[in-house]
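The structure under discussion appears below in the form of structure tokens.
Chains as they are written, first to last, in the working numbering: chain P, 77 to 287; chain X, 77 to 287.
Here it is in structure tokens:
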């Protein structure tokens with residue numbers, strides 16, 4: 077399972093890092109952060125992320141995920157980025173104003189879609205049907221609302237592909253959903269060996285503190 | 077206002093990037109990502125972030141924020157990191173198992189605190205009173221639950237220092253809170269000049285798509 081997110085300057089980092097936190101917890105998934113060059117990419121506010129792969133070397137995406145941000149203004153007019161986004165993918169998804177990039181690539185024409193609430197009016201210019209929901213699934217396009225909605229979008233993708241069990245487990249692991257006892261037991265069981273290691277470290281740190 | 081977050085290998089990146097998305101939206105705030113060296117820091121799952129400052133050069137923190145993650149096992153025993161965390165700060169905060177680092181630094185002795193649900197039992201080893209809440213404020217310590225709770229923690233910090241108006245505006249901007257019409261108007265007004273620029277870019281991209 078290859079999950080490919082694209083990086084561009086002045087993206088809203090949480091549009092990317094929210095879904096990333098969900099995606100990398102999918103067993104067997106590999107999350108690629110693709111950019112034109114290997115140079116670090118500076119997001120809004122100055123958080124700087126290293127790409128893991130160049131556009132040219134990225135594998136075919138099972139899931140493509142496009143974040144938003146003020147940098148979308150340039151991204152929508154960037155032919156190289158648009159060509160990358162147009163490459164065949166099983167699921168084509170976006171967070172926040174990443175939907176405008178999908179729109180500019182011609183990928184939302186005739187689709188229901190969502191974006192950040194302050195950008196909803198722009199979707200129709202790309203032939204998309206603006207839909208005021210946190211996550212919108214229309215055939216293989218999954219788009220959603222602003223910034224933190226990326227977490228919901230990613231969990232919905234997991235639910236669509238892997239079912240509710242894994243989605244609930246990841247949700248609980250990142251404390252995004254209500255703690256259901258049954259899910260809690262399953263997650264604890266899986267965490268078993270590493271929590272034992274953690275207890276050892278905590279005991280040592282506590283001992284050191286008291287020394 | 078200097079907000080200082082610390083980076084260490086194998087942190088849970090969303091523990092850091094969630095609060096970052098809130099903090100950098102505080103007018104006049106500067107968010108520093110401090111690490112021992114300027115080398116990129118690899119979080120769980122392989123997302124790699126560049127520090128903005130070395131421990132030695134970091135300014136005094138108005139807000140110190142410590143993320144969690146499996147790397148906490150090493151961080152709890154890292155004297156240099158613990159010394160950095162112990163430097164005087166107006167607010168001392170943590171996300172997820174970052175509370176264990178505060179605990180190991182001796183900063184939670186006698187305090188009510190929260191952490192990831194699967195790590196709650198460890199807090200007492202550092203003299204903290206484990207408190208099953210998403211955000212716990214005890215004097216100048218603000219700690220909270222796992223991963224996504226970092227967004228709530230950061231919004232609570234904004235609320236404590238700047239009041240509800242700014243917290244509501246940031247919350248709406250990142251679509252984390254219910255859309256209140258009054259807040260929506262204020263945010264839209266502030267966005268005015270940049271949304272006009274966005275409309276220009278969208279129109280151009282749509283024109284290009286149709287050409």
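Cβ atoms here follow ideal geometry from the backbone N, Cα and C, with glycine treated the same way.
Those runs of the beta strand (DSSP E) which lie wholly inside the region 137-197 of chain X and span at least 3 residues: The qualifying runs are 137-142, 165-170.
Residue 219(P) and residue 173(P) closer than 8 Å at C-beta: no
Within 7 Å of chain X by C-beta, residues of the region 151-185 of chain P in sequence order: 152, 153, 176, 180, 182
Residues within the region 78-95 of chain P neighbouring chain X, beta-carbon criterion of under 8 Å: Taking 8 Å as the Cβ-Cβ cut-off against chain X, the residues of the region 78-95 of chain P that qualify are 88, 89, 90, 93, 94.
Residue-chain proximity (residue 191(X), chain P), Cβ-Cβ < 8 Å: no
Alpha-carbon spacing of residue 279(X) relative to residue 272(X), whole angstroms: 11 Å
Chain X contact for residue 267(P) (CB, 8 Å cutoff): yes
Backbone CA spacing between residue 111(P) and residue 124(P) [nearest angstrom]: 13 Å
Beta-carbon contacts of residue 146(X) that lie in its chain and below 7 Å, excluding the five residues immediately before and after: 86, 120
Listed by chain order, chain P residues near residue 261(X) by CB distance under 9 Å: Those do not exist, as residue 261(X) stays about 11 Å from chain P at its closest Cβ, beyond 9 Å.
Cross-chain neighbours of residue 198(P) in chain X, by beta carbon under 8 Å: Listed along the chain, the chain X residues whose CB falls inside 8 Å of the CB of residue 198(P) are 274, 275, 278.
Amino acids of chain X, ordered along the chain, whose beta-carbon sits closer than 7 Å to that of residue 116(P): 126
For residue 94(X), the nearest candidate out of 229(X), 249(X), 128(X) (CA to CA): Of the listed residues, the one whose Cα sits closest to residue 94(X) is 229(X).
Start-to-end residues for the beta strand (DSSP E) that takes in residue 107(P): 106-111
Which listed residue (101(X), 157(X), 79(X)) has its alpha carbon closest to that of residue 140(X): 79(X)
Beta-carbon contacts of residue 262(P) that lie in its chain and below 7 Å, excluding the five residues immediately before and after: 245
Pairwise C-alpha distance: residue 249(P) and residue 235(P): 15 Å
Residue 241(P) - DSSP class collapsed to helix/strand/coil: helix
Where the region 218-242 of chain P meets chain X: residues whose CB sits under 7 Å from a CB there: 221, 222, 223, 224, 225, 227
Proximal residues of chain P, C-beta to C-beta of residue 122(X) below 8 Å: 100, 107, 128
Proximity below 8 Å, CB of residue 148(X) to CB of residue 177(X): yes
Paired residues, beta bridge with residue 133(X) - DSSP: Paired residues: none, contrary to the question.
Beta carbon proximity, residue 258(P) to chain X, threshold 8 Å: no
Where residue 207(X) meets chain P, residues with beta-carbon distance less than 9 Å: Those do not exist, as residue 207(X) stays about 15 Å from chain P at its closest Cβ, beyond 9 Å.
C-beta atoms of residue 82(X) and residue 211(X) nearer than 8 Å: Judged by their CB atoms, residue 82(X) and residue 211(X) are not nearer to each other than the 8 Å cut-off.
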